[in-house]
Amino acid sequence: MLLASLVLSASLFFESVTGSGTAESYLDTVLNTALQLEIRSLGFDPLPLPDFQAEFEDHVKIFGKVHGTVKYTEGLLHGLSHARRYGNCSGPYYGYGQQPFVNCSIKLDELGITFNGKLKYGKLPSTSIRAKANMSSTILSIGLSYYPFDLIHLRSFSFLRIGQIQIKFTGLGSILNKYLNVLETGFIEHAWPAIFNSVGKEFQFALANAFERIPYMWYQR
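Residues -19 to -1, 1 to 202 in mature numbering (1 follows the signal peptide of the UniProt record, and there is no 0) are what the sequence shown spells out, letter by letter.
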């Protein structure tokens, strides 16, 4: 009896497969309300990013090999509260010993990154620079399980596509501007893993909490 009730309730939640868009509407509601509140309460927008250091080398005719470093600090990731649904959900799926679930996709297309940097080139004095970057759309795949009493659980979270980083530096000056390509490569190599880890950890945590904030029965109309 309990199993039959669960399957019936799950079917009502997962009506997206019949065209009513219930799962999609519920996801939109969570992303537009509970997730934004959760991210703000946790202080995740902007989200601090770890410091890192990038190194490069140059060859000068008179002096030979010259070593350069850039220390990036005070990094911030902006835009985690602007998540949106991407396409329609699929399912429902049923498995022995598993809760019914659907799969959906989320898009993050307003992510921005800022870092302050100290560039040291050979024996020249350090130069203060600033890195500001935007990311193209990052697509996430999530699974939502239905539990008794209209509780929704984030059962899976993975990356379908990681956005490309487009970066601009200020403060280089005409002398150091020739190292722009090298600096871009070094920045992306270190910033990308930091962003990947932040979205995979902090954003996933906030998203799971957001679904717990709004049981499905609260959304039913």
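C-beta: ideal position from N, C-alpha, C; glycine also.
Item: Exposed or buried, which one is Ala(-16) when buried takes at least 16 other CB atoms within 10 Å?; Value: Note that Ala(-16) scores 40 on pLDDT, short of 50, meaning its location in the model is unreliable and no value can be drawn from it.
Item: Closest to residue 203 by CA distance: which of Gly154, Asp32, Gln17, Ile169 is it?; Value: It is not possible to answer for residue 203, since the shown part of the chain is limited to -19 through 202.
Item: CB Leu164 to CB Val51, shorter than 8 Å?; Value: yes
Item: Given a threshold of 16 other Cβ atoms within 10 Å of its Cβ, counted over all protein chains shown, does Leu8 qualify as buried or as exposed?; Value: buried
Item: DSSP state of Gln185, grouped into three classes?; Value: helix
Item: Is there a Cβ from chain B that is less than 8 Å from the Cβ of Val180?; Value: Protein chain content of the structure displayed is limited to a single chain, and chain B is not contained in it.
Item: Do three or more CB pairs link the segment 56 to 72 to the segment 24 to 37 at distances below 8 Å?; Value: yes
Item: Helix or strand or just coil, what does DSSP make of Asn97?; Value: strand
Item: Taking all protein chains shown into account, decide if Tyr75 is buried (16 or more other Cβ within 10 angstroms of its Cβ) or exposed.; Value: exposed
Item: Could you give the residue range of the beta strand (DSSP E) that holds Leu132?; Value: 132 to 142
Item: Given this structure, state the Cα-to-Cα distance separating Ser6 from Phe37, to the nearest angstrom.; Value: 49 Å
Item: Is it true that the CB of Phe140 sits closer than 8 Å to the CB of Leu121?; Value: yes
Item: If you reduce the DSSP assignment to three classes, tell me which class Asn69 lands in.; Value: coil
Item: Determine the direct distance from the alpha carbon of Thr3 to that of Leu132, and round the result to whole angstroms.; Value: 15 Å
Item: Is the segment 106 to 114 close to the segment 64 to 82, with three or more CB pairs under 8 Å?; Value: no
Item: According to the Cβ coordinates, are Ser62 and Leu16 closer than 8 Å?; Value: yes
Item: If you draw a straight line from the alpha carbon of Ile195 to that of Ile20, how long is it in whole angstroms?; Value: 15 Å
Item: Mind reading off the beta-carbon distance from Leu161 to Phe177? Whole number of angstroms is fine, and I expect it under 8 Å.; Value: Wrong, their Cβ atoms sit about 24 Å apart, outside the cutoff.
Item: Rounded to a whole number of angstroms, what is the C-alpha to C-alpha distance between Lys99 and Thr10?; Value: 43 Å
Item: Can you list, in chain order, the residues of its chain whose CB lies under 6 Å from that of Arg136, leaving out five sequence neighbours each side?; Value: Phe82, Gly124, Ser126
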